[in-house]
Amino acid sequence: MMNKRVKIKDLLTWAPESQELVVMGWVRTFRNNQFIALNDGSTNINLQVVAELGKFDDVLLKRITTSASLKIKGHLVASTGKGQQMELKAVEIEILGDSDAEKYPLQPKKHSLEFLREIAHLRFRTNTFGSVFRVRHSLAYAIHTFFHEQGFVYLHTPIITASDAEGAGEMFRVTTLPFDNPPRNEDGTINFKEDFFGKSTNLTVSGQLEGELGATAFGEIYTFGPTFRAENSNTTRHLAEFWMIEPEMAFYDLEDNMNLAESFIKYIIRFALDHNRADLEFLDQRLADEEKALPQDKRSEMGLIQKLEFVLNNDFERITYTEAIDILLQSPAYKKKKFQYEVKWGIDMQSEHERYLVEKHFKKPVIVRNYPKDIKAFYMRQNDDGKTVAAMDILAPGIGEIVGGSQREERLDKLESRMNDMHISTEELHWYLDTRRYGTVPHAGFGLGFERMVQFVTGMTNIRDVIAFPRTPKSAEF
Ligand code: ATP
Ligand code: MN
4 MMNKRVKIKD
14 LLTWAPESQE
24 LVVMGWVRTF
34 RNNQFIALND
44 GSTNINLQVV
54 AELGKFDDVL
64 LKRITTSASL
74 KIKGHLVAST
84 GKGQQMELKA
94 VEIEILGDSD
104 AEKYPLQPKK
114 HSLEFLREIA
124 HLRFRTNTFG
134 SVFRVRHSLA
144 YAIHTFFHEQ
154 GFVYLHTPII
164 TASDAEGAGE
174 MFRVTTLPFD
184 NPPRNEDGTI
194 NFKEDFFGKS
204 TNLTVSGQLE
214 GELGATAFGE
224 IYTFGPTFRA
234 ENSNTTRHLA
244 EFWMIEPEMA
254 FYDLEDNMNL
264 AESFIKYIIR
274 FALDHNRADL
284 EFLDQRLADE
294 EKALPQDKRS
304 EMGLIQKLEF
314 VLNNDFERIT
324 YTEAIDILLQ
334 SPAYKKKKFQ
344 YEVKWGIDMQ
354 SEHERYLVEK
364 HFKKPVIVRN
374 YPKDIKAFYM
384 RQNDDGKTVA
394 AMDILAPGIG
404 EIVGGSQREE
414 RLDKLESRMN
424 DMHISTEELH
434 WYLDTRRYGT
444 VPHAGFGLGF
454 ERMVQFVTGM
464 TNIRDVIAFP
474 RTPKSAEF
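Pasting the structure below:
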């Protein structure tokens, strides 16, 4: 057994002075043939290991290169040098894995995020990605904790589905048919009866419809899984493969839904602030440094941590879609023709509109509710005005839409007539409609894009930098 090591993060907090202990990790730098900065991924803080001059073999010392992996036995002592309180005085150094520092792509200097994306298989070893992915982990953990504490059941909805009921976006087809010579029907169309599932199937764009089946039995469920959209949008907030959290609750109306979403978002931000302070401080500084290069008016008004605390300490603004459009029409930006896209009642707001509302007008997260029915999905509950549905989107500064949700239409006749209007087959979705046939209840739910949440908490501007191996148009490396 070899795993009796102490993690650097723990060692820096409990500091059992002079006791002999073992650490393992990767060399970040080696100075003066004496000082090793060792990192083991538990924290961005490197442990200074001192290899006293004359004590170790020259051949061994030569093998201590950037990114080589080491096992070190030593004693923790108060440091006489600047920059750290404690250091490890090495007694034994074992090279676990050599590394050719000349060839190692990560040199001890600042690399651009674009370059690091090309070597995403190694970028976890940088401070920025170390912090981002430890925060990502914490957020995922906090999400499960939040729902568990509230008595929600974690439901694993399928990844391969046979319907694009949502109409949420372009889908990736799943098939085992030979693409060069697929079986055909007499009319020339492809015969999916011969496909693996006996029908045409896709990767899921959302687990919501299945989630509703769970909610109308357990009361409250959530999903947390991968979703796929073959949308050809090369933006800083769209991925072809992303993770989504979709709670679905029976006996909830739109207001209950908004309340849950707001307390949920605050809970997971609070969790990260409580458990990832050092990483968030690092990311806060990184963002401030990055923004120094920008003109004054493009910089954030608040630092990262300040922004997160601000979100925690203030209520989200709640407005109707109609109010949002009025604000846009009254805005100086509109009057000066600064918007590229048209503004009028009925539009699907573009990112520039959403950002105006959250960044310029309200300067905090905004929940917009009661959208026109024509721009929203069939399952959203119809309001009495005949024009709008009980939808709600949460818009966040710097990101735009982070949550999309609604109260669901629980009245069978209204749901069926909406489906007919939108040419959605009630036969194909017979299983979904059964929830409305057998003891239907008011219910609601929402979807939170996990990566957008991670972006918000870490301050990373490109969504490709908060998922380990991003899948985007023309890119599925690693
Ligand atoms: P957008 O208008 O930003 O494309 P959407 O209206 O398509 O979003 P929904 O279908 O409501 O989004 O999905 C729910 C949530 O999933 C969104 O609020 C967002 O946080 C996230 N999301 C949607 N599409 C993507 C994507 N391509 N990559 C990452 N996250 C996404
Ligand atoms: Mn979209």
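For the sequence shown, the working numbering begins at 4 and goes up steadily by one. Ideal Cβ positions, reconstructed from N, Cα and C, are used throughout, including at glycine.
- In this structure, the alpha-carbon of Phe195 lies about 11 Å from that of Pro181.
- Burial check for Gly442: the Cβ neighbour count within 10 Å stays below 16, so the residue is exposed.
- The three-state secondary structure of Arg439, taken from DSSP, is helix.
- Secondary structure note for Ile308: its alpha helix (DSSP H) is the uninterrupted segment 307 to 316.
- Met395 carries a strand assignment under DSSP once its states are collapsed to helix, strand and coil.
- Per DSSP, reduced to three states, the secondary structure at Tyr382 is coil, with no helix or strand assignment.
- A direct Cα-Cα distance of roughly 7 Å separates Val26 from Lys76.
- A direct Cα-Cα distance of roughly 19 Å separates Phe313 from Arg289.
- Taking C-beta atoms under 8 Å as the contact rule, Glu265 and Gly154 fail to qualify, at a distance of about 19 Å.
- For Ser266, the enclosing alpha helix (DSSP H) stretches over residues 257 to 278.
- Residue nearest to Gly407 within the set Ala394, Lys417, Leu415, Pro400 is Ala394 (criterion: CA-CA distance).
- By the Cβ rule, the segment 134 to 150 does not count as touching the segment 82 to 99, because fewer than three pairs are nearer than 8 Å.
- DSSP places Ala145 inside the alpha helix (DSSP H), whose first and last residues are 130 to 152.
- Annotation for Gly100: Ser72 place their beta carbon closer than 6 Å to its own, counting only its chain and skipping 5 residues before and after.
- Taking 8 Å as the cut-off, the Cβ atoms of Gln410 and Arg439 do not count as close.
- By the Cβ test, the segment 234 to 250 is in contact with the segment 205 to 223, since at least three Cβ pairs between them sit closer than 8 Å.
- The beta-carbon distance between Asn279 and Val135, rounded to whole angstroms, is 10 Å. This is too long to meet the 8 Å contact definition.
- Taking a C-beta distance under 8 Å as the contact criterion, Ile405 and Val369 do not qualify as a contact pair.
- A Cβ-Cβ distance of about 36 Å is found for the pair Ala218 and Phe481, leaving them out of contact under the 8 Å criterion.
- Taking each of His356, Arg31, Ile308 in turn and checking the Cα distance to Leu50, the smallest one comes out for Arg31.
- The beta carbons of Val177 and Phe221 sit no closer together than 8 Å.
- The ligand ATP never approaches His356 closely enough for any of its heavy atoms to be under 7 Å from the residue's Cβ.
- Counting only runs of at least 3 residues, the segment 62 to 88 fully encloses the following beta strand (DSSP E) elements, listed from N- to C-terminal order: 72 to 81.
- Non-local beta-carbon contacts of Gly452 in its own chain, meaning distances under 7 Å to residues more than five positions away in sequence, involve Phe245, Met247, Ile405 in chain order.
- In this chain, the beta strand (DSSP E) harbouring Ile39 covers 38 to 42.
- The ligand MN approaches Glu234 closely enough that one of its heavy atoms is under 7 Å from the residue's Cβ.
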